[in-house]
Amino acid sequence: MIGTVYLVGAGAGDAKLLTLRGAELLQQADCVIYDRLGTEQLLEQIPPHCEKIYVGKADSHHTLSQQEINCLLEQKAKEHPIVVRLKGGDPFVFGRGGEEGCYLKEKNIPFQVVSGVTSAIAGLAAAGIPITHRELARGFRVYTAHDKDGGFGGMDFASMANTNDTLVFLMGLGRVEQIAAQLMKYGKSSDTPCAVISNASLPTQKSVFAPLQQLAAKVKQEQLHSPALIVVGEVVQLSEQLNWFEQRPLFGKKILFPQTGTDSRLEKMLQEQGAEVQRVQVSSLQPLEQAWENICKGAGAEWVAFTSHNGVQFFFDAVAKNRQDSRCLAGTMVAAIGESTAQALQQYGIRADFVATGSTSEQFAEELSQEMMAGERLVVVCPNQPLSPCWAMENNSVIAAPVYENVPNPDAQIPDQSPNGAVFTCASSVHRFAALLKNQTLKKYLSGIPVAAIGAKTAEALQQYEIFPAICSESNYTQLVKTLCQLFKDKR
Ligand code: SAH
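Below, the structure written as structure tokens:
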């Protein structure tokens, strides 16, 4: 048996730049051999049973030589049907993908190439620089500035100085000064607009813009880190208009998000606005052993209310565990606290009969009591906590059905770097996070930075620590992100 080696481009930086074909192969792979990618997120997509081998460089220290990597590919192809060789950007752009392909061909090992989004193009785009532009650059040239001997052997600076093509140099951060000097020596105008972009397309992206003559000094001053791209050419000017990435409201901000559940929506929404999210899993939601028993206590009730989309999930997990399905709700009226909970219900084939327009439990209980007829009974699906007094109804009996519990995670790590802003989505996330801070008060930890709370209860919890957050007008993630963005805007 001999497997196939797939030379896959991971895309530059942002894990979402991986192609669909790349993602499919990562899911199916038996072994992934990877370089330094700039992001750990890609590796999280690989199923746990898959063998993962790091062969990248840790700084200038090579873990394996190219020959050793070639042999490793060969050996793994003899052990597994699907071997993925994952490389940053595109495998054929300074990725030595060609060398690996030739070696595999020579050894009669089947291989395929899955192109990736190269940093030479996408990295520029992330700084608002189109690599070509009508009337500014008819073409582009991509060079490696890395040379084993530390020289510029074979690089025709005279021709580079004489063209309007956009010049892109990879692996050149340590040589900005020499590159600029060479270009100017051969006649490139010292005013030519230039940029250096480090960690392109990542939340840690940093870019520096300067005319050719001042580029090296500016790069030094700003202390950019590798990996970085050097761009020389008139197209760089367009960044003023096109730098969408760095102009997002939360770009460059570390946002603390103490999380209780597993819902990834808020994190994604914050990232979408440019934030580097410091998610701290302060507790986890776990199913209650007696969930099904609790649900059964309400058997025959006319109504069931779902107060969160976690509640929906744990309810149906308990249902499935007891070899039942959505039909257990046949004939029961179903109420949801809001749209996202209603959507969660739809995933189980249940269309809510009633969706509250307000977003707090108080409003939900109030609106629902108007909807129900006197004497009808209500089951409230909830966490393992005393039901809020707002559920006491005058003309209806209410039965709590706890299906999950919120269990603290004492091992949660406080981020190494202090945040620039914070969001809190429930009171328990406030208390749990405060408990993790060993030598510091929450007030001190969050002092001077924008803090947004999803609703009044969360804000009350923060106030207990003398923190006075902005409170969302409606308790949902969209408003929470908007509120936080507004705080940063006001701060400017
Ligand atoms: N195959 C890769 C390039 C590999 S060479 C590609 O197609 O992008 C490694 C060099 O790529 C780095 O030294 C740097 O110049 C560039 N690079 C890769 N990812 C980058 C990123 N996210 N930001 C800036 N430069 C990056």
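Using this note's numbering, read the sequence shown as starting at 25 and increasing by one per residue. All residues carry an ideal CB built from backbone N, CA and C; glycine is no exception.
Extent of the continuous alpha helix (DSSP H) run through residue i
i           : result
residue 289 : 289-296
residue 278 : From DSSP, residue 278 is part of no alpha helix (DSSP H) but of the beta strand (DSSP E) over 278-283.
residue 99  : 90-103
residue 40  : Element bounds for residue 40: n/a, residue is neither H nor E.
residue 162 : It is not in any alpha helix (DSSP H) - residue 162 carries neither H nor E in the DSSP assignment.
residue 319 : 315-320
residue 512 : 501-515
residue 56  : Looking at the DSSP string, residue 56 is not in any alpha helix (DSSP H); the run it does join, the beta strand (DSSP E), is 55-58.
residue 181 : 181-185
residue 364 : 363-370
residue 448 : That residue, residue 448, is in no alpha helix (DSSP H); its beta strand (DSSP E) goes 445-448.
residue 263 : 263-266
residue 197 : Looking at the DSSP string, residue 197 is not in any alpha helix (DSSP H), and its letter there is neither H nor E.
residue 68  : 65-68
Beta-carbon proximity of residue i to residue j, cut-off 8 Å
i           : j           : result
residue 257 : residue 191 : yes
residue 143 : residue 39  : no
residue 240 : residue 200 : yes
residue 163 : residue 189 : yes
residue 125 : residue 111 : no
residue 60  : residue 80  : yes
residue 466 : residue 489 : yes
residue 154 : residue 226 : no
residue 362 : residue 500 : yes
residue 117 : residue 31  : no
residue 325 : residue 423 : yes
residue 294 : residue 505 : yes
residue 433 : residue 301 : no
residue 405 : residue 329 : yes
residue 50  : residue 108 : yes
residue 253 : residue 221 : yes
residue 309 : residue 334 : yes
residue 260 : residue 219 : yes
Residue i, enclosing beta strand (DSSP E) - first and last residue
i           : result
residue 123 : Taken as a continuous stretch (DSSP letters only), residue 123 belongs to no beta strand (DSSP E), being part of the alpha helix (DSSP H) at 121-130.
residue 77  : 75-78
residue 400 : First-last for residue 400: undefined, no H or E at that position.
residue 253 : 252-256
residue 233 : 230-235
residue 136 : 135-138
residue 325 : Counting along the chain, residue 325 falls outside any beta strand (DSSP E), and DSSP gives it neither H nor E.
Integer-rounded CB distance, given that residue j should sit under 8 Å from residue i
i           : j           : result
residue 236 : residue 195 : Contact flag wrong, Cβ pair sits at about 19 Å.
residue 357 : residue 377 : 5 Å
residue 135 : residue 286 : That belief does not hold up - the Cβ atoms of residue 135 and residue 286 are roughly 38 Å apart, past 8 Å.
residue 448 : residue 502 : Incorrect: roughly 16 Å between the Cβ atoms, too far for contact.
residue 140 : residue 62  : Between residue 62 and residue 140 the Cβ distance is about 12 Å, and since that is not below 8 Å, they are no contact.
residue 479 : residue 495 : 7 Å
residue 273 : residue 513 : 7 Å
residue 319 : residue 350 : So it is not a contact: roughly 13 Å between Cβ atoms.
residue 148 : residue 255 : 6 Å
residue 106 : residue 53  : 5 Å
Collapsed DSSP secondary structure at residue i in the structure displayed
i           : result
residue 430 : strand
residue 35  : strand
residue 28  : strand
residue 306 : coil
residue 479 : coil
residue 113 : strand
residue 415 : helix
residue 191 : strand
residue 358 : strand
residue 425 : strand
residue 345 : helix
residue 378 : strand
residue 300 : strand
residue 141 : coil
residue 16  : Shown here, the chain extends from 25 to 516; a query on residue 16 therefore has no answer.
residue 496 : coil
residue 1   : The chain is shown from 25 up to 516; residue 1 falls before or after that span and cannot be answered.
residue 147 : helix
residue 152 : coil
residue 218 : strand
residue 212 : coil
residue 462 : coil
residue 172 : coil
> Should the segment 429-447 be regarded as contacting the segment 278-286, the criterion being three or more beta carbon pairs within less than 8 Å?
Replying inline: yes
> Is there contact between the segment 304-323 and the segment 333-341, where contact requires at least three CB pairs shorter than 8 Å?
Replying inline: yes
>> Whether or not the segment 255-272 and the segment 224-231 are in contact is what I'm after, with contact meaning three or more pairs of Cβ atoms, one per stretch, closer than 8 Å; do they touch?
In response: yes
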